[in-house]
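Below is one structure; the comments refer to it alone.
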Amino acid sequence: MYLYYRKKLNKTNIVLLGFPGAGKSTIGKQLANKLQYTFIDTDRYFEEKYRFSIFDFFEQIGEEMFRQLEHQLLNDLLSKKQCVIATGGGTPCFFDNMEQIKRSSISVYIQLSPTSLYHRLQNSKRRRPLTKNLNSEELNRYIFQELSKREIFYKQADFIIKGENFDLNELIKILPI
Ligand code: S3P
0 MYLYYRKKLN
10 KTNIVLLGFP
20 GAGKSTIGKQ
30 LANKLQYTFI
40 DTDRYFEEKY
50 RFSIFDFFEQ
60 IGEEMFRQLE
70 HQLLNDLLSK
80 KQCVIATGGG
90 TPCFFDNMEQ
100 IKRSSISVYI
110 QLSPTSLYHR
120 LQNSKRRRPL
130 TKNLNSEELN
140 RYIFQELSKR
150 EIFYKQADFI
160 IKGENFDLNE
170 LIKILPI
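By numbering that gives the first Met the number 0, the letter at position 25 of the sequence shown is numbered 24, and the numbering carries on one by one without gaps.
Right, dumping it as structure tokens:
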């Protein structure tokens with residue numbers, strides 16, 4: 000186990016995974032600040048690089064191209080060092096993205112219950128393309144169904160932390176950095 004992390008420490012990016020609404024960006028900023036790492040949010044990076052909001056990109060060009068560009072962009076980001084990278088909710092679930100994350104970085108899944116995610120997404124002001132037209136019942140169903148598919152990937156993370164009562168110092172304590 001020790002050797003496994005020693006190997007990873009050469010690169011020391013920390014990659015945060017989790018469903019939309021899990022708080023990846025908020026936690027990522029706090030963590031980067033505390034560790035004095037660079038914070039990168041893959042969605043914001045995408046939007047700046049392609050000069051498109053994610054929402055408009057899905058509407059006008061589509062998810063398939065988004066996933067391809069997201070995959071390329073992730074490759075570029077993982078070659079950096081000492082970054083905290085907050086991924087999009089779907090990022091680890093396409094192509095070999097999760098393998099690449101695991102090979103190059105320390106990964107942390109921020110896990111929330113479907114009920115917590117539902118409340119957070121209901122109260123979120125951000126327009127999300129995949130949930131834009133869903134009523135409450137449909138959103139609930141979407142979270143249950145999609146989370147169970149995505150957790151196959153998320154749960155491969157090196158660490159799993161509960162997002163409900165998140166404590167930054169607890170997270171820092173468990174990270175082998
Ligand atoms: C997506 C989540 C979004 C964004 C895109 C697709 C998804 O990121 O990458 O809309 O597949 O769940 P957040 O997790 O930051 O909302």
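Even glycine gets a Cβ: it sits at the ideal position worked out from N, Cα and C. Fair warning: this is a prediction, and the values are worked out from it, not measured in the lab.
Could you tell me the boundaries of the alpha helix (DSSP H) in which residue i lies?
{"i": "lysine 172", "result": "167-173"}
When the distance is taken between beta carbons, is residue j closer than 8 angstroms to residue i?
{"i": "isoleucine 151", "j": "tyrosine 108", "result": "no"}
{"i": "serine 106", "j": "leucine 16", "result": "yes"}
{"i": "glycine 87", "j": "glutamate 58", "result": "no"}
{"i": "tyrosine 141", "j": "cysteine 82", "result": "no"}
{"i": "serine 104", "j": "asparagine 12", "result": "yes"}
{"i": "glycine 18", "j": "leucine 111", "result": "It should be noted that the sequence gives phenylalanine, not glycine, for residue 18. The answer is yes: Cβ separation under 8 angstroms."}
{"i": "serine 123", "j": "glycine 20", "result": "yes"}
{"i": "phenylalanine 38", "j": "glycine 27", "result": "yes"}
To which residues does DSSP link residue i through a beta bridge?
{"i": "asparagine 12", "result": "Ser104"}
{"i": "isoleucine 176", "result": "Answer is none; isoleucine 176 lacks a bridge partner."}
Would you kindly report the start and end of the unbroken beta strand (DSSP E) that includes residue i?
{"i": "lysine 154", "result": "No beta strand (DSSP E) contains lysine 154, which DSSP labels as neither H nor E."}
Give the list of continuous beta strand (DSSP E) stretches no shorter than 3 residues that lie fully inside the segment 23-68.
Complete beta strand (DSSP E) runs here, min 3: 37-40.
Could you give the uninterrupted runs of the alpha helix (DSSP H) lying entirely in the segment 73-122, keeping only those of 4 residues or more?
Whole alpha helix (DSSP H) segments, 4+ residues: 96-103, 113-122.
Quick check: the segment 98-108 against the segment 73-90, are at least 3 beta-carbon pairs closer than 8 angstroms?
Output reads yes: the segment 98-108 touches the segment 73-90.
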